[in-house]
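In what follows, a structure is listed as structure tokens, so that the remarks can point back to it.
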Amino acid sequence: MLYFSGGDKCFWGRLVKILIPYSTFTTVPAVRLGRLLLRWCRKCNLPVLEQKRCSACSEPTVEVKITPPGDVRPAFKADIEILRDTIDGQFGKGKGKLLIPDHKTIVLNKAPHLDRMDEVILDGQVLGSLRYDPGRGYIFILRMEGGRRLAQGLRKGFVVVHQGAVDSISKKASAMVPGIAKASPSIKKGDEVVVLTEDGEAIAVGIARMSGKEMMKKKKGPGTKTRWASTPCPRDILPGGQTWEEAVAANQDTLSKVTKKAVSFIKRTVDKYDVPMAVSFSGGKDSLATLLLVLEADFKPDILFIDTGLEFEETVEHVKAVSKEFGLPLVQERAGESFWENLERFGPPAKDYRWCCKICKLGPATRVIKEKYPDGVLSFIGQRRYESAQRAAKKSVWKNPWVPLQIGASPIQNWTSLHVWLYLFKSGVEYNPLYERGLERIGCWLCPSSDLAEIEAVRSEIDDYERWQDFLYKYAEKSGWSKKWVSYGGWRWKLPPEPMKELLGERKKRMEPAEDPYEFHLAEGYGPCVMGLSAEGIFTSSLNIDRMRVFLNLVGEVQYDDVVRACLTERVTVFEEGVAIIKAKDEEELHETSRILERIARKAHGCVGCGTCLGQCPTGAIYLEEVAFIDEEKCEHCGSCIGPCPAADFTGEFSF
């Protein structure tokens, strides 16, 4: 059961080592994956997608200003509890329920951030954002309407300013200490605050630049940094009493339109491809909606489920229950212990190093499809453009280069998450119970694409979680990372974003490269990337990254990241611990690049300074100082010196 409760731009504070949010202000880049579709019926006080008029009352709807990409979704019971607890902790007991009341439909909009951040929408307005900061936990960041609703009787997190400061602050100036009349003594530097007039009206929200006690003692300086501001104005609270069943009725025109279009797409696609049909079922909401649409088109598909060995128990049970409820064949393949068996070899997976998908998902999918559907299969997949830039770039039907016998098709490509949920609410079918516990996405429990907030929420319920943590801490120690690399979720990237690098700090030690021979293991299968395909692999020992930096000039201009100790070219990224990520336009180029990388590693670690390569370079970029070096200014990255080389041709055996 769902739990019912109850126009600005969104800013993203760059995290710094002391974990004070918004220490530097930067506007979040617009990630536009499709049109922003959220509107609101102010008469019914309900969210409406796309429609200029509400299906329930026929009154005009208004646009809700949200941050792209706009993949809005309902707030479930666990979401509401986290919201209320967070607001209570920041602004005082009872303030959570005041801002997030019962019996209103609350919508969340995922916004770009280092970890989880959701804009919180009710009464047709963004009241604030719930953000999760690694190392600090949840923080609620108010917008002006949220500040107005909390203003009366506020006992924590408030700053009162003199009348003479009101005009400048309401125009977004900071609250300077001479203009502050009163401040909550519990305020700490970096806390979220509401700036009030002496009459108790909210004129700004932002962060404290000093503690509340310092604001009262100091003679000068900024007491707060304003994020949002306005002149005093009344709260805009709409009547409550709404349910999601009523939201379904308010969106009836949109639901009828998108359902009819999806069913028609399914029928046309089935007519076009003369192969068996299945629904790729992950146990999540999108694949469930896709299955229901295929059934609505009067087909009885197989349910294709790949158990990666990292699935939630609830997901496995849900898949079985759906198969039984609709009387559909369950075609299942299990990866078993494949993840754990390959973990020591490949190291922890990451958002940009997803060997686990190849071994635990694509490999088993390829096997079961080859066995069950030797002539190919048309697989309907719950893929949506609002999930990622990669998926937004895909067409509704595609051939799968890494699962050759599969034709993929998505009837919900242009749906937002809220389209999916309204369709499921209308159907009355039971969905995966994990959504009620605050998970936004359903997949492997340790998926690096998950927010740290989600991973932390389920850690106590996973039998293998301690096993996973033990591995991460051992890997961190071996790689020279501090324990923050584990606790802050730094392992989720091979190349972390800048804010995460600042949180993690410098690596404490360098990894010592072993002597030849090296073996390079390429994860079986390929994934999509902006260039076409990508593949991940790892050498059996760490690399001399300084020497690799020299010889990677053979394939392109080299950038060096001294925090994670990695070399980056357009086609290849190589890390000191031996990980390599290869990008190519097709499978042939990918294998050729792998072969070249093999030779580069041999040359880098086996060079004896014989000078054979000097005559191969047309620009004279190679020079000897006991061993070969490359002058980057002269190098044209032509690859001529990849040719004959004793180090590459006669030292250790590399095997793929």
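Per this note's numbering, the very first residue in the sequence shown carries number 250; after that it's consecutive.
For every residue, glycine included, the Cβ atom is placed at its ideal position computed from N, Cα and C.
Non-local C-beta neighbours of C293 in its own chain, meaning closer than 8 Å and more than five positions away in sequence, comprise C303, A305, C306, E308, Q491, E495 and A499, ordered along the chain. Take T335, set aside five residues on each side of it, and the residues of its chain with a beta-carbon closer than 6 Å to its own are Y387 and F389, in chain order. Inclusion of W664 and R633 in the CB contact set at 8 Å is warranted, their separation being smaller than that value. Contact between S460 and I429 does not hold, since their C-beta atoms are separated by about 12 Å, which reaches or exceeds 8 Å. For E582, the enclosing beta strand (DSSP E) has its first and last residue at L579 to R583. When DSSP states are grouped into helix, strand and coil, E566 belongs to the helix group. For the options C696, V813 and F788, the alpha carbon positioned closest to that of K750 is the one of V813. With a cut-off of 8 Å on Cβ pairs, the stretch 366-383 is not in contact with the stretch 414-432, counting fewer than three such pairs. The DSSP assignment places complete beta strand (DSSP E) segments of no fewer than 3 residues inside the stretch 309-372 at 321-323, 356-359 and 366-371, in order along the chain. Boundaries of the beta strand (DSSP E) harbouring F407: F407 to V410, taken from the DSSP string.
About 6 Å separates the beta carbon of V580 from that of V617, a gap short enough to meet the 8 Å contact definition.
One alpha carbon belongs to T503, the other to Q300, and they sit about 7 Å apart. A direct Cα-Cα distance of roughly 33 Å separates A511 from S378. Residue range Y714 to S728 is occupied by the alpha helix (DSSP H) that includes Q718. C-alpha of R458 to C-alpha of E747: approximately 23 Å in a straight line. Excluding residues up to 5 positions away in sequence, K469 lie with their Cβ nearer than 7 Å to the Cβ of P427 in the same chain.
The stretch 793-808 and the stretch 844-857 touch, with no fewer than 3 CB-CB distances between them shorter than 8 Å.
The beta carbon of L817 lies closer than 6 Å to those of Q808 in the same chain, with the five residues before and after it left out. When the five nearest sequence neighbours on each side are left out, the beta carbons in the same chain lying within less than 7 Å of the beta carbon of Q662 are those of Q632, R633, R634 and S645, in order along the chain. Inter-segment contact for the stretch 339-354 and the stretch 689-709 is absent: fewer than three beta-carbon pairs are separated by less than 8 Å. For A400, same chain residues with a beta-carbon under 7 Å away, outside a window of 5 residues either side, are V443, L445, G449, E450 and A451 in chain order. In this structure, the straight-line span from the alpha carbon of E825 to that of L332 is close to 41 Å. Inclusion of I329 and N358 in the CB contact set at 8 Å is not warranted, their separation being larger than that value. Comparing C-alpha distances from V297 to each of T354, D712, K733 and R708 shows the shortest one belongs to T354. With a 10 Å radius around the Cβ and a threshold of 16 neighbouring Cβ atoms, V857 comes out exposed. Of all alpha-carbon atoms in G738, A527, R404 and C887, the one lying nearest the alpha-carbon of F629 is that of A527.
A residue is called buried when at least 16 other Cβ atoms come within 10 angstroms of its Cβ; P598 meets this threshold and is buried.
When secondary structure is reduced to three states using DSSP, A499 falls in the helix class. Within a 10 Å sphere around the beta-carbon of A833 sit 16 or more other beta-carbons, which makes this residue buried.
For M749, the enclosing alpha helix (DSSP H) has its first and last residue at E747 to L753.
By the Cβ test, the stretch 506-524 is not in contact with the stretch 463-477, since fewer than three Cβ pairs between them sit closer than 8 Å. In this structure A546 is buried. Its beta-carbon is surrounded by 16 or more other beta-carbon atoms within 10 angstroms.
Fewer than three pairs of CB atoms, one per stretch, sit closer than 8 Å, so the stretch 516-525 makes no contact with the stretch 700-719. In this structure, G739 sits away from S791, with a CB-CB distance that is not shorter than 8 Å. The alpha carbon of P318 has as its nearest neighbour, out of G692, L282 and F554, the alpha carbon of L282. Annotated three-state conformation of P867 is coil, per DSSP.
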